[in-house]
Structures are given as structure tokens and as C-alpha cells.
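Keeping their order, the protein sequence lines are chains A and B.
Position one of the first sequence corresponds to residue 1 (the working numbering), numbered consecutively onward.
Position one of the second sequence corresponds to residue 1001 (the working numbering), numbered consecutively onward.
Glycine included, each C-beta is placed from N, C-alpha and C at the ideal position.
A quick note: this is a predicted structure, and the numbers were derived from the prediction, not measured.
A quick write-up on the structure given underneath.
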Amino acid sequence: EPEVTQTPSHQVTQMGQEVILRCVPISNHLYFYWYRQILGQKVEFLVSFYNNEISEKSEIFDDQFSVERPDGSNFTLKIRSTKLEDSAMYFCASSDRMKGNQPQHFGDGTRLSIL
Amino acid sequence: SQKIEQNSEALNIQEGKTATLTCNYTNYSPAYLQWYRQDPGRGPVFLLLIRENEKEKRKERLKVTFDTTLKQSLFHITASQPADSATYLCALPSSSGNTPLVFGKGTRLSVIA
């Protein structure tokens, strides 16, 4: 069964540094998402992306964050200047339709630790 | 803003029994509701979706109900097994109508042999 893959599985970064998290969504999917989960808390939406542009973003997704689909397969999340509170699991997800009640397929996440 | 509550953080049951998990929501009338399973250190895995015009949905040992009057969904696992031990997440579409999901905090189910 096709799956969403994320790299790296664990990223340790010094505060203030830039970090790029990478995702390869399921190949025929057109809608992409980033979520995060702080340890012990719920999964929170960050941003959705379709047709090479952001379609929706949450309050968490401020100017420090950006997303990109640099080629036909990768989908990246960049945090420009990391803060301690950015430490979390970051999940990428994809679906084949935005509306129409479609399930989202999640990767196994990148654990981001900011020191 | 919309609020989702899952009734308990943790639920322990004996193997073979039926587990029932509850999801309540307020300030919203979603067109559908989804349930996901999350194992430690893994991403959520989609289990079931139920639409507002459906009262009940089944998949193997799983059953979901959706009561739009009570603003509640119940998630049942019958004949539970230790392998069913995981955190189960309720998710609704955001109030914008698009599919960014809003998740509950989850219920951690432990099935004891």
C-alpha cells in the first residue's frame, strides 16, 4: 500500500537555526498538509497546500514557517529561526481530494528537538 | 471556536470485551467525523469516516455512531485484543469547511490479556 514518507525521523537543532523537514506524499495525491504534535498534546493543523500554493494556515503557522513543493514528489516545511517551543513531532499528510470527506494519510513524522 | 472532547484520557479493558470511546463536540455542526488510531511514535492511521446523514458505520470489529443532536460520536471495538491497544483520535473538519482536521486529544486504550 502506498505511504507517506518523512525524513529525517529525528532532527536535533540549535535554537535560532533553520531546519527543513521533508515529506514525500502519496504519488497521485494533490492535497498536502503539515501538522504538529507537542509531546502529550493533541495533533494540531499547521498548513494545507494545493496547486503550488497555501490554501489554508493556522495561527501557529507564522512568518517563521514556509512550505514548498520544489519538484514533483517532495513537500517541505521550513522553520527559519527555530525556538525552543518548536520542539514537537511534525507530521505530513496527503489526500486525493480537499473536499468530499476524504481520509488523510499521515507519515510517521519527524521528531524535532530544539536545544 | 469548535471544541472536541474525548471522554477519558485512558481506558483499560479485558481482552474479549467491547471498548467504547466517546467524542463530544461543541460550537459546530460538521458534515462528517473521522476516527484515527495512533501508536506511540507513529503518525495517525485512518480507521473510519461517518457522514452526518449516517447513524452508524461498521468495519470488521469497529463500529462508529454519529448523533448530530447530541453532538457525539461513539467508537466501539468488539472482541477487543491486546493488539488494539493504542490511542484513538476523533477528528472533525475545520469550521472553514475545508479538510484541515481538528483533532481531539485522544483516548489511550489498553486491552489486558
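Taking C-beta atoms under 8 Å as the contact rule, residue 1073/B and residue 1028/B fail to qualify, at a distance of about 13 Å. Among the residues facing chain A, residue 1001/B is not included, as its CB has no counterpart in that chain under 8 Å away. Ranked by how close their Cα comes to the Cα of residue 105/A, the residues 36/A, 29/A, 45/A, 87/A have 29/A in first place. Exposed is the label assigned to residue 1112/B, since fewer than 16 other Cβ atoms lie within 10 Å of its Cβ. The C-beta of residue 15/A has fewer than 16 other C-beta atoms within 10 Å across all chains shown, which makes the residue exposed. Any Cβ of chain A closer than 8 Å to the Cβ of residue 1025/B would place that residue at the interface, and such an atom is absent.
For secondary structure counted as the beta strand (DSSP E) over 3 or more consecutive residues, the stretch 1008 to 1045 of chain B holds these complete runs in sequence order: 1010 to 1014, 1019 to 1026, 1032 to 1038. Contacts with chain A at 8 Å (Cβ-Cβ) do not include residue 1040/B. Secondary structure of residue 1067/B (DSSP, three-state): strand.
Residues are counted here when their Cβ sits less than 8 Å from a Cβ of chain A; for the stretch 1010 to 1034 of chain B these are 1031, 1032, 1034, given in chain order. Using a Cβ-Cβ cut-off of 8 Å, residue 90/A does not count as an interface residue toward chain B, since no Cβ of chain B sits closer than that to its own. Below the 8 Å Cβ cutoff, chain A contributes 45 as neighbours of residue 1102/B, in chain order. A direct Cα-Cα distance of roughly 17 Å separates residue 1046/B from residue 1006/B. Residue state for residue 1093/B is assigned as strand, using DSSP reduced to three classes. 1055/B is the residue among 1059/B, 1013/B, 1055/B whose C-alpha sits nearest the C-alpha of residue 1070/B. Listed in chain order, the non-local C-beta contacts of residue 1013/B below 8 Å within the same chain comprise 1019, 1080, 1109, 1110, 1111, 1112, local neighbours out to five positions each way being set aside. Within 8 Å of the CB of residue 1105/B, the CB atoms of chain A belong to 41, 42, in sequence order along the chain. Below the 9 Å Cβ cutoff, chain A contributes 103, 104, 105, 106 as neighbours of residue 1046/B, in chain order. Restricting attention to 2/A, 21/A, 70/A, the CA atom closest to the CA of residue 80/A is found in 21/A.
In the DSSP secondary-structure assignment, residue 1102/B is bridged to 1092/B. Burial check for residue 1064/B: the Cβ neighbour count within 10 Å reaches 16 or more, so the residue is buried. Closest in alpha carbon position to residue 112/A, among 39/A, 94/A, 87/A, is 87/A.
Under the criterion of beta carbons closer than 8 Å, residue 1004/B and residue 1025/B qualify as touching, at roughly 5 Å.
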